[in-house]
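Chains as they are written, first to last, in my numbering: chain A, 1 to 315; chain B, 1001 to 1315. Ideal placement from N, C-alpha and C gives every residue a C-beta, glycine not left out. Working notes for the structure below.
2 protein chains.
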Amino acid sequence: MERIRAINDIDTIACIGAGTIGGGWAAYFLARGYKVKVWDPAPDAAAKLGRLIEAAWPALEQLDMVPGADKNAFSVHTDLSEAVAGAGFVQESAPEELELKRKLFAELDAVVDPDVVIGSSTSGYPMTDMAAALAHPERFVVGHPFNPPYLIPLVEVVGGELTSKRAEAWAAEFYEQIGKSVILMDREVPGFIANRLQEALWREALHMIDNGEATVEQIDRSITDGPGLRWPMHGPMLTFHLAGGEGGMAHMLDHFGPSLKSPWTRLEAPELTGELRDSVVAGCDTAAGERSFGQLVAERDAGIIAIRKLAGGRG
Amino acid sequence: MERIRAINDIDTIACIGAGTIGGGWAAYFLARGYKVKVWDPAPDAAAKLGRLIEAAWPALEQLDMVPGADKNAFSVHTDLSEAVAGAGFVQESAPEELELKRKLFAELDAVVDPDVVIGSSTSGYPMTDMAAALAHPERFVVGHPFNPPYLIPLVEVVGGELTSKRAEAWAAEFYEQIGKSVILMDREVPGFIANRLQEALWREALHMIDNGEATVEQIDRSITDGPGLRWPMHGPMLTFHLAGGEGGMAHMLDHFGPSLKSPWTRLEAPELTGELRDSVVAGCDTAAGERSFGQLVAERDAGIIAIRKLAGGRG
């Protein structure tokens, strides 16, 4: 993009689609002090959106709200050009169908000022596939949130082959400025990062149910009362770094590497080359940083204790 | 098993192996008021175990400790028959090598009273493979914990082909009585449940690192700042039940079923038959129980807020 809107000049954001994700974005943008214009063709869109914002607002008051935020500062439109008029950023959250997204992107491209970046909430379609036929594909970028977008910080940012690097960087900076945890990906891969990981887990779960190996209840409890208690503190890599004891990930891979070939999931393991081993170990060392083994353990344990003490009293 | 020790008659437990898992079990059993006899051939085993128990004790004081628990009520042995003498239950947590487990199980079988159940912490070997050549295989059962065993409630219980149903049920009841969240599996499957799910996620992560698609840091943050914030409250099934909006899992599968074939992980999806669809939907309806969609959302949101407010202040 040659010209691009300055982030600080934006006071209005357009949300395209007012479902669970689009409505969640709208609530978040309102909490960050923006005016929000929502486009949704459904006759009950305004009523549903109002209920969603009401339900989300108390949560937002506890975490990410800025002073002066107004939960009523939104309008709902059925005309696309009316919805995007005056908006300095557009977040698209239409249903997850490739043809629908392509058609909608072309319509958006025609009515949104060319210096405005358009982010897509797609769960996994590469932007290259969605933006192939556009007049201004350079300002279309994936900004993939997680449900509920008003509480989960992660946003995965990645452009397509025709997206400009400036638009990618702008989107990453914009989401960071509004309080999100941004992963700016180097390359496109279907499903991005977190959904590939979730999807592998979900498919293995479906296989187990399909084979009568586990019930829905057992699968959920195996996560909520097991590994799920660790993952808010340490992701899968740092978790296994700790499982290696004081020898960390290096000990883990050098001693349990062979079990990578065990039939413990239907997903085939990659070859554990020396190169892969070294990059995983180096990544964990970087992630651990200054924190000693004991400090990481204390951090994990404090988190598990707090989570287990939460209302609900599970476990 | 014809005769089996009454759970309430047990005052001493033997822990075989004093590494991260075995030592964690020892700390937990001490906190539950048992005397613990630990077998470990390593010369520094007693010193390491002492440090592990010291580090774990403050955490145990906050959650699962019973009155009168004594952190010094343990002894360390290098002679196996000495270690198991007087123990009413044995928890084996030796290194994860099949031949080593087989040999150790035969030695244990020879010195442990035949009315005593022996639980194995194996991460994924089926008991049928480990207990094939034993004189009393009927009292050997998998009791698979998660790191750290003194804080994570989940224990997966499953017997082998030669395990008696009474021993399986006894182990499940024993772990439940000492405060664990038990999943009693109907059938053996390598890796049990949670490790099959974790392993699918871990392998997809290794593939992504191997292909340069994501870094270690990005993978961990994609979980800690994303789906990992939901999993302590709702497992993967109930999470997707909510992602389906008010239509729940039925809406999810009926509308997003085709995306099951998307290349969003390297793990092939099972065929989404009507039967599989119905059993997943029924399982989610059972799991949701009396809780409405709004109640489930409120429960999830309260949990995410509490987790995000934890010390550490991530996100």
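Look at M237/A: its C-beta is under 7 Å from a C-beta on chain B. In the DSSP assignment, the residues bridged to E1092/B are I1016/B, S1120/B. Distance between W57/A and A1250/B, taken at the CA atoms: about 28 Å. With contacts defined by Cβ atoms closer than 7 Å, A1085/B and D1109/B do not form a contacting pair. Considering only A306/A, L98/A, D115/A, A205/A, the residue with the shortest C-alpha distance to A131/A is L98/A. By the 16-neighbour rule on beta-carbons within 10 angstroms, L1100/B is exposed. Against V1189/B, the close residues of chain A are E213, in the order they occur along the chain (beta-carbon pairs closer than 7 Å). Exposure of D9/A is indicated by the presence of fewer than 16 other C-beta atoms within 10 angstroms of its C-beta. Looking at the DSSP output, K1035/B bridges to T1012/B. In this structure, DSSP gives F1192/B a state outside helix and strand, which the three-state scheme calls coil.
Using a Cβ distance threshold of 7 Å, G1274/B and N1195/B do not count as a contacting pair. Contacts with chain A (Cβ-Cβ distance below 8 Å) from the stretch 1007-1037 of chain B involve G1019, T1020, listed in chain order. In the DSSP assignment, I305/A falls within the alpha helix (DSSP H) that extends over 293-309. Burial is judged here by how many other beta carbons sit within 10 angstroms of a residue's own beta carbon; N1147/B has at least 16 and is buried. With a contact defined as Cβ atoms closer than 8 Å, R1166/B and I1004/B qualify at about 6 Å. For V1157/B, the uninterrupted beta strand (DSSP E) run begins and ends at 1154-1159, by DSSP. Taking 7 Å as the threshold, the shortest C-beta distance from A1172/B to chain A does not fall below it. R1102/B is not a Cβ neighbour of V1117/B, given a cutoff of 7 Å. Collapsing the DSSP output to three states places H1136/B in coil. Close CB contacts of G179/A within its chain, under the 6 Å cut and outside five residues either way in sequence, are with D64 (chain order).
Look at L1154/B: its C-beta is under 7 Å from a C-beta on chain A. When only Cα atoms are considered, G88/A and I16/A end up about 13 Å apart. Contact between V1142/B and T1122/B holds: their C-beta atoms lie close to 6 Å from each other, under 8 Å. Straight-line measurement puts the Cα of N1211/B at about 23 Å from the Cα of A288/A. L49/A and A31/A have their alpha carbons spaced roughly 14 Å apart. Closest by C-alpha distance to K1071/B, out of S1081/B, L1060/B, L1242/B, H1077/B, is L1060/B.
Within the same chain, T128 come within 6 Å of E161/A by CB-CB distance, once the 5 residues on both sides are set aside. With fewer than 16 neighbouring CB atoms inside 10 Å of its own CB, Q1295/B falls in the exposed class.
Within the same chain, Cβ atoms closer than 8 Å to the Cβ of M1252/B are found at F1240, H1241, A1243, G1244, the five residues on either side in sequence being excluded. In this chain, L229/A is not harboured by any alpha helix (DSSP H), its DSSP state being neither H nor E. For A45/A, the closest alpha carbon among the candidates G23/A, D225/A, E54/A is that of G23/A.
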